[in-house]
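Let me begin by presenting the structure, written as structure tokens, before commenting on it.
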Amino acid sequence: MSSTAAMEERKELEVSAPAAYSDNYTKTVLQDQNEALPSPLSLISPLLAPTRITKVYKEDEYSYYGPMPSGLMIQEASAFVSNNSDAIKLHVASILREFIRLTREDCERECMVEPDAGWFTVRMFKPNIEYNIPRWHRDGRMTDCTSASHLLHCKYATVLLGAPTLVLPETATVTAIDDRPIRRKENATLLSSEVPVRLVDGQIIRFSWGRNDSPVHSEPDMTSDRIFVSVLYGSESEIRDMVDLRRHYGSCDVYRNCQERSMTPVSK
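In our numbering, the protein residues as written are 66 to 333.
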């Protein structure tokens, strides 16, 4: 396939990335095999169903590292959410299954990464002042790539309740920032006039990591309860590498060796 044909095919598949990203990157960035790279930021369709959740009881976090897809993960995560909110477990399980299905399909089709394993997380927040000043940053390297066929390493995210992640289109001002934590206040001032990408309820976003053009983003100002869900896919060795890296920095995370991979029904 010619590079022009590859670009056209990917353009048809790519879901409504903000114009700044499409204009700046997807038209001209090619890999050695003359295949167009996916956009650093993409809005995935269709939207997820409304969750009907209205409140979170306390701040908490659930993480899973292991084979994908995983019925066990769906059971654990839906129980985790329903036990710490007014959510209905069966309804949450259905939404999480759809989130995993859509993101795995996109990852394999668009990013050319086989989603055999993954890091899945749910973070539940109460109102706080931690993000009154935005934490604008690009995600750095999560793990070493194990295959030259991977077009793009990325992370998928959505919210089940509360404000969406703030993501900025790539402008000259955004490109110029130094996103080290020491520059947090300075960057908040520099980027105060930048308008984040508009995200609606149920929207899944895909954003790259470890690249100079990975989207600049931040948690929103936490003025209300929030439930954030994300997943990062890779090979088993890539996800195990991520676990080892996090252990090095004091985390107790482990790779789950469960053999159960199917999306089994979840009872209430």
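Each residue gets a CB set at the ideal place from its N, CA and C atoms; glycine is no exception.
Distance cut-off 8 Å: tyrosine 129 Cβ against heavy atoms of the ligand ADP: Annotation note on the ligand ADP: not contained in the displayed structure, which lists no ligands.
Sufficient close CB pairs (3 or more, under 8 Å) joining the region 156–176 to the region 254–261: Because the criterion of three Cβ pairs below 8 Å is not met, the region 156–176 and the region 254–261 do not touch.
Same chain, Cβ closer than 6 Å to leucine 264, five either side skipped, listed in chain order: Excluding sequence neighbours, leucine 264 sits near Pro229.
Between the CA atoms of alanine 241 and isoleucine 198 - distance to the nearest angstrom: Each residue's alpha carbon lies about 19 Å from the other.
For glutamine 268 and proline 111, the rounded distance between their alpha carbons: If I take the Cα positions, the gap works out to 8 Å.
Cut-off 7 Å between Cβ atoms - residues of its own chain near isoleucine 118, not counting five sequence neighbours on either side: Only Ser150, Asp151, Ala152, Leu225, Leu226 and Ile292 meet the Cβ criterion.
Exposure label - isoleucine 165; buried when at least 16 CB within 10 Å: Buried, because 16 or more other Cβ atoms sit within 10 Å of the Cβ of isoleucine 165.
Residue interval of the beta strand (DSSP E) (run including histidine 282): Looking at the DSSP string, the run of the beta strand (DSSP E) that includes histidine 282 is 281–283.
Buried or exposed (CB count within 10 angstroms, at least 16 for buried), lysine 220: By the neighbour-count criterion, in which a residue is buried when 16 or more other Cβ atoms sit within 10 angstroms of its Cβ, lysine 220 is buried.
For methionine 133, three-class secondary structure by DSSP: In the structure shown, methionine 133 falls within a coil segment according to DSSP collapsed to helix, strand and coil.
Same chain only: Cβ atoms within 8 Å of lysine 250, ignoring 5 sequence neighbours per side: When the five nearest sequence neighbours on each side are left out, the beta carbons in the same chain lying within less than 8 Å of the beta carbon of lysine 250 are those of Ile198, in order along the chain.
Nearest to histidine 202 (by Cα), restricted to the options Glu163, Phe185, Ser273 and Asp244: Closest option to histidine 202, Cα to Cα, is Asp244.
Nearest neighbour of serine 289, chosen from Val296, Arg248, Met189 and Ser300 [CA to CA]: Measuring from the Cα of serine 289, the nearest candidate turns out to be Met189.
Length of the line joining the Cα atoms of valine 146 and lysine 154: If you draw a straight line from the Cα of valine 146 to the Cα of lysine 154, it is about 7 Å long.
Delimiting residues of the beta strand (DSSP E) encompassing arginine 291: In the DSSP assignment, arginine 291 falls within the unbroken beta strand (DSSP E) covering 291–299.
Own chain, CB closer than 6 Å to threonine 193, minus 5 neighbours either side, in chain order: In the sequence as presented, threonine is not what sits at residue 193; that position holds asparagine. These residues qualify, in order along the chain: Met287.
Alpha carbon of leucine 95 to alpha carbon of tyrosine 122, nearest angstrom: Unreliable positioning characterises leucine 95 in this predicted model, as indicated by a pLDDT of 39, which lies under 50. A coordinate reading is not provided.
Nearest-angstrom Cα separation, counted from tyrosine 130 out to threonine 236: Going from the Cα of threonine 236 to the Cα of tyrosine 130 covers about 35 Å.
When Val294, Ala114 and Tyr196 are compared against isoleucine 139, the one with the closest alpha-carbon: The shortest C-alpha to C-alpha distance from isoleucine 139 to any of Val294, Ala114 and Tyr196 is the one to Val294.
Reference glycine 275; option with closest CA among Ile304, Ser283, Thr254 and His218: Among Ile304, Ser283, Thr254 and His218, the Cα nearest to that of glycine 275 is on His218.
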